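Student: Numbering (my numbering), first residue to last: 10 to 480. Even glycine gets a Cβ: it sits at the ideal position worked out from N, Cα and C. The model shown is predicted, which means the values in this text are computed figures rather than measured ones.
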Ligand SMILES: [Zn+2]
């Protein structure tokens, strides 16, 4: 493992003080035990099970409400609450939203932001991105993921689904960042059986190490890269791994015409039909991109209940050419969520931009101003994302996970408030997000990131990016 030198505030040891009393003074045993219990409970409250009372927040539908968070859940929503809480947030003049769920990211590619732009996908990958990625160490991936986490938190994202290499580093960064995340190791073999074996072993060792926490804030996934870069055997083995570890499958699909034609030539099947023929499709699968689909393929996706991660900004920037048939997917009942893709092809990780683009792209392409309205785009970024990743979040409801953000309603671009949902999707930007709560913990307060030392992250990420790009 790399030498991670991130300095975090030391976690207080709840056992140190009581044990020192116990050892030094036997007659005080009873008092000490009580003190130990009280101290331990207090620390648990402060570190793990903090309650937060949010007062006077405006909800997306426009009404004002108080919201009590206990543990990592939303426990009460009412016009006025006076429950005692460890922390109170005055949210007058602020809009409370479920945090955004970025269902397709390659977080550490934040180190390659702006490194190569305005190139064809093939040249971009072969001459710039792949050579740079070869130079990325485990430590680089850690700092790159932390940089992405800082950007995501500041732009209202509370959960991300990551697909990259050095997954231990991504897992550690996700854990340290305070964000909710689905993390896995992206495998590909290009038909090489030796590579398949080693890739599967790496994925297996990652799953073995981290799958116990699958119900926790950071959980695992299985990630065959794409049907054209993975052999049939690797896809089937990945499916088995996902079943064994009760993990989601995350895969690229039909991003470009080239890959569709390649697969057609090789298998005589279109990508969705090919995956269906392997028994790969189910509600457990998240398919990134899905730009070049036929109506028949959409029906197959709907039949199997697979989720689509739509990445319109990345698709447009890489000139994928087509437009993902989102209205047809919705009509067939496919669950559509949103993703940024990596920062090398977006180049931002802001879900505000993705929501807006998802809506504008369909309107413009179809000459239909009603296509993908603001509410639909917002739902893609929140509740549909939660459904895709299998987490009980994405909505402000009692019992849901406390993954929430606050936006400043008095910022010039948020006024007037004729329609909050229009402002959220068509006008809001990252700078409007003031606070972020993830898993019931405040990770950003008044635009100060509390979960980690952000200054250190920015410094280390700058150093790593410099070395990768120019060494
Ligand atoms: Zn991708």
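Strictly by DSSP, which residues pair up with residue 191?
Tutor: Against the chain shown, residue 191 aligns to sequence position 182. Paired residues: 170, 228.
Student: Just curious, the alpha helix (DSSP H) that residue 477 is in, first and last residue?
Tutor: Start at 1 with the first residue of the chain shown, and residue 477 comes out as number 468. 463 to 479 is the extent of the alpha helix (DSSP H) around residue 477.
Student: Does the beta-carbon of residue 297, which I'm using as the reference point, lie nearer than 8 Å to any heavy atom of ligand 3?
Tutor: Within the structure as shown, ligand 3 is missing, the only ligands being ligand 1.
Student: Just to check, is the beta-carbon of residue 351 closer than 8 Å to a non-hydrogen atom of ligand 1?
Tutor: On the chain shown, position 342 is the one that residue 351 refers to. Within the cutoff, so yes.
Student: According to the neighbour-count rule (16 or more other Cβ atoms, all chains shown, within 10 Å of its Cβ), is residue 470 buried or exposed?
Tutor: Here residue 470 refers to the residue found at position 461 of the chain shown. With 16 or more Cβ atoms within 10 Å of its Cβ, residue 470 is classed as buried.
Student: Which runs of the alpha helix (DSSP H), 4 residues or longer, sit entirely within the segment 293 to 323?
Tutor: Runs of the alpha helix (DSSP H) inside the segment 293 to 323: 304 to 313.
Student: Could you check if residue 349 is buried or exposed, using at least 16 other CB atoms within 10 Å of its CB as the buried criterion?
Tutor: Sequence index remark: in the chain shown, residue 349 carries index 340 (1-based). That one is buried.
Student: May I ask you to verify whether the segment 70 to 87 touches the segment 407 to 425, counting CB pairs closer than 8 Å and requiring at least 3?
Tutor: The segment 70 to 87, when compared against the segment 407 to 425, does touch it at the 8 Å Cβ threshold.
Student: Say the cut is 8 Å; is the CB of residue 115 nearer than that to a heavy atom of ligand 1?
Tutor: Position 106 of the chain shown holds residue 115. Checking the Cβ of residue 115 against ligand 1 gives yes.
Student: So, residue 168 versus residue 188, is the Cβ gap smaller than 9 Å?
Tutor: The count along the chain shown starts at 1 and reaches residue 168 at position 159. The count along the chain shown starts at 1 and reaches residue 188 at position 179. Yes, these two residues count as a Cβ contact at 9 Å.
Student: Per DSSP, what kind of secondary structure is residue 262 in: helix, strand or coil?
Tutor: As a first step, residue 262 must be located in the chain shown, where it is residue number 253. Of the three classes helix, strand and coil, the one that applies to residue 262 here is strand, per DSSP.
Student: For my contact list, residue 335 and residue 316 are in at a C-beta cut-off of 8 Å; report their separation, rounded to the angstrom.
Tutor: Counting from one through the chain shown, the residue named residue 335 turns up at place 326. Counting from one through the chain shown, the residue named residue 316 turns up at place 307. Not a contact, Cβ separation roughly 13 Å.
Student: Got a sec, what are the start and stop residues for the beta strand (DSSP E) residue 114 sits in?
Tutor: Residue numbering aside, residue 114 sits at position 105 when the chain shown is read from its first letter. First-last of the beta strand (DSSP E) with residue 114: 109 to 114.
Student: Would the beta-carbon of residue 214 be found less than 8 Å away from any heavy atom of ligand 1?
Tutor: The count along the chain shown starts at 1 and reaches residue 214 at position 205. False, no ligand heavy atom lies under 8 Å from that Cβ.
Student: Tell me the DSSP secondary structure of residue 67 in three-state form.
Tutor: Position 58 of the chain shown, counted from the start, is the residue given in the question as residue 67. In this structure, residue 67 counts as strand in the three-state DSSP scheme.
Student: Taking 9 Å as the cut-off, decide whether the C-beta atoms of residue 74 and residue 104 are in contact.
Tutor: For the purposes of this step, residue 74 is identified with residue 65 of the chain shown, where counting begins at 1. For the purposes of this step, residue 104 is identified with residue 95 of the chain shown, where counting begins at 1. No, the Cβ-Cβ distance between residue 74 and residue 104 is not below 9 Å.
Student: By how many angstroms is the C-alpha of residue 227 removed from the C-alpha of residue 180?
Tutor: Against the chain shown, residue 180 aligns to sequence position 171. Against the chain shown, residue 227 aligns to sequence position 218. Going by the C-alpha atoms only, they are around 7 Å apart.
Student: Using the Cα positions of residue 126 and residue 354, report the straight-line distance between them to the nearest angstrom.
Tutor: Counting from 1 along the chain shown, the entry for residue 126 is found at position 117. Counting from 1 along the chain shown, the entry for residue 354 is found at position 345. Each residue's Cα considered, the two are about 8 Å apart.
Student: At a cut-off of 8 Å, would you count residue 323 as near ligand 1, judging by its Cβ distance to the nearest heavy atom?
Tutor: As a first step, residue 323 must be located in the chain shown, where it is residue number 314. Indeed, a heavy atom of ligand 1 lies less than 8 Å from the Cβ.
Student: Between residue 111 and ligand 1, is the CB less than 8 Å from at least one heavy atom?
Tutor: Walking along the chain shown from the start, residue 111 turns up at place 102. Outside the cutoff, so no.
Student: Identify whether residue 179 lies in helix, strand or coil by the three-state DSSP scheme.
Tutor: Residue numbering aside, residue 179 sits at position 170 when the chain shown is read from its first letter. Reduced to three states, the DSSP call for residue 179 is helix.
Student: Residue 142 to residue 480, Cα distance in whole Å?
Tutor: Here residue 142 refers to the residue found at position 133 of the chain shown. Here residue 480 refers to the residue found at position 471 of the chain shown. If I take the Cα positions, the gap works out to 12 Å.
Student: What does DSSP give as the partner residues of residue 445 in its beta bridges?
Tutor: Taking the chain shown and counting its residues from 1, the one referred to as residue 445 is at position 436. 414, 453, per the DSSP bridge assignment.
Student: State whether the segment 278 to 298 contacts the segment 240 to 247, with contact taken as three or more CB pairs (one from each stretch) at a distance under 8 Å.
Tutor: The segment 278 to 298 vs the segment 240 to 247: in contact.
Student: Report whether the distance from the Cβ of residue 161 to the nearest heavy atom of ligand 1 is below 8 Å.
Tutor: For the purposes of this step, residue 161 is taken as residue 152 along the chain shown, with counting starting at 1. Residue 161: no, Cβ never under 8 Å from ligand 1.
Student: Assuming contact is defined by CB atoms lying nearer than 9 Å, are residue 374 and residue 332 in contact in what I supplied?
Tutor: Here the question's residue 374 lines up with position 365 in the chain shown. Here the question's residue 332 lines up with position 323 in the chain shown. Closer than 9 Å, so yes.
Student: Closest to residue 231 by C-alpha separation, out of 225, 263, 197, 264, would be which residue?
Tutor: In the chain shown, residue 231 corresponds to position 222, counting from 1. Of 225, 263, 197, 264, the residue nearest in Cα terms is 197.
Student: If distances are taken between C-alpha atoms only, which option among 478, 193, 468, 476 comes closest to residue 159?
Tutor: Your numbering for residue 159 matches position 150 in the chain shown. With distances taken between Cα atoms, residue 159 lies closest to 468.
Student: Quick one: give me the first and last residue of the alpha helix (DSSP H) that residue 368 is part of.
Tutor: Along the chain shown, read from residue 1 onward, the residue named residue 368 stands at position 359. Unbroken alpha helix (DSSP H) run through residue 368: 360 to 375.
Student: Between the alpha carbons of residue 401 and residue 297, how many angstroms are there, rounded?
Tutor: The count along the chain shown starts at 1 and reaches residue 401 at position 392. The count along the chain shown starts at 1 and reaches residue 297 at position 288. Cα to Cα, residue 401 sits roughly 21 Å from residue 297.
Student: Residue 449 to residue 185, Cα distance in whole Å?
Tutor: Taking the chain shown and counting its residues from 1, one reaches residue 449 at position 440. Taking the chain shown and counting its residues from 1, one reaches residue 185 at position 176. Rounded to the nearest angstrom, the two C-alpha atoms are 15 Å apart.
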